[in-house]
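**Student:** Dropping a structure here in structure tokens format, bear with me for questions.
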Amino acid sequence: MRHHIKTKTLGRKKASREALFRSLATSLVLYEKIKTTEAKAKLLRSYVEKMITLGKKNTLHTRRQLLKKLYVESAVKKVLDDLSPRFSQRKGGYLRITKLGFRRGDAAKMVKIEFVESAKPKTETKEAKKPVKKSPKTKKATKTK
63 MRHHIKTKTL GRKKASREAL FRSLATSLVL YEKIKTTEAK AKLLRSYVEK
113 MITLGKKNTL HTRRQLLKKL YVESAVKKVL DDLSPRFSQR KGGYLRITKL
163 GFRRGDAAKM VKIEFVESAK PKTETKEAKK PVKKSPKTKK ATKTK
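Okay, so the sequence shown: first residue is 63 according to this note's numbering, each after it adds one.
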């Protein structure tokens with residue numbers, strides 16, 4: 063019987079499971095979408111959503127807490143500077159899980175996990191193209207027979 067068992071172990075020991083979630087969370091924050099199994103994605107969703115909510119405070123203490131949960135400091139910076147402000151009006155539900163089908167090798171259920179609000183693309187103003195002046199055509203010598 064499974065009394066008082068709160069977490070799914072994913073067939074791993076605690077240290078391996080924590081490393082897995084740190085790695086998946088870092089990739090998700092940096093690339094904003096990843097492809098993984100359904101079981102991992104469901105557990106990863108709560109892990110990352112707590113980080114986004116934590117990042118809304120944007121204090122030194124929250125920065126240090128996020129450094130414990132992510133491998134790369136650039137990911138922490140992205141959570142604090144980009145993701146948390148993007149979701150400032152939202153209370154939760156920052157991630158979306160989309161089913162993709164089954165993996166070919168072992169028939170595991172694969173999903174795509176991504177942020178609900180995608181990053182707004184930076185609009186680059188293109189300068190108007192200047193008309194290129196064509197050089198005058200040279201007269202070719204004509205052959206006389």
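Beta carbons are placed, not taken as given, at the ideal position from N, Cα and C, and that holds for glycine. Note that this is a predicted model, so its numbers are computed, not measured.
Run through DSSP, which three-state label would ARG64 get?
**Tutor:** DSSP places ARG64 in coil when its eight states are reduced to three.
**Student:** Residues in the same chain with beta-carbon distance under 8 Å from LEU162, minus the five sequence neighbours each way, listed in chain order, please.
**Tutor:** Counting only Cβ-Cβ distances below 8 Å, and skipping sequence neighbours, we find LYS97, MET172, VAL173 and LYS174.
**Student:** So does the region 128-144 actually touch the region 154-170, counting three or more Cβ pairs closer than 8 Å?
**Tutor:** Segments in contact, no.
**Student:** State the beta-bridge partners of THR160 as determined by DSSP.
**Tutor:** Per DSSP, LYS174.
**Student:** Based on DSSP bridge pairs, tell me the residues matched to ILE96.
**Tutor:** ILE175, per the DSSP bridge assignment.
**Student:** Measuring only the C-alpha atoms, how far is ALA103 from LYS196?
**Tutor:** Approximately 58 Å, taken between the alpha carbons.
**Student:** Take PHE88 and list the residues in its own chain whose beta-carbon comes closer than 8 Å to its own, dropping the five residues that flank it on each side.
**Tutor:** It is Thr, not Phe, that sits at residue 88 in the sequence shown. If we look at THR88 and ignore the five residues flanking it on each side, its Cβ neighbours are LEU132, TYR133, VAL134 and ALA137.
**Student:** Using a 10 Å radius around the Cβ and a threshold of 16 neighbouring Cβ atoms, would you call THR69 buried or exposed?
**Tutor:** Answer is exposed; the Cβ neighbour count stays below 16.
**Student:** Please confirm whether ARG148 and GLU179 have their CB atoms less than 9 Å apart.
**Tutor:** Cβ distance < 9 Å, so ARG148 and GLU179 count as in contact.
**Student:** Using the beta-carbon count (16 or more within 10 Å), is ILE114 buried or exposed?
**Tutor:** Answer is buried; the Cβ neighbour count reaches 16.
**Student:** Quick check on DSSP: helix, strand or coil for THR88?
**Tutor:** It is helical.
**Student:** Using the Cα positions of SER108 and GLU94, report the straight-line distance between them to the nearest angstrom.
**Tutor:** In a straight line, the C-alpha of SER108 is about 15 Å away from that of GLU94.
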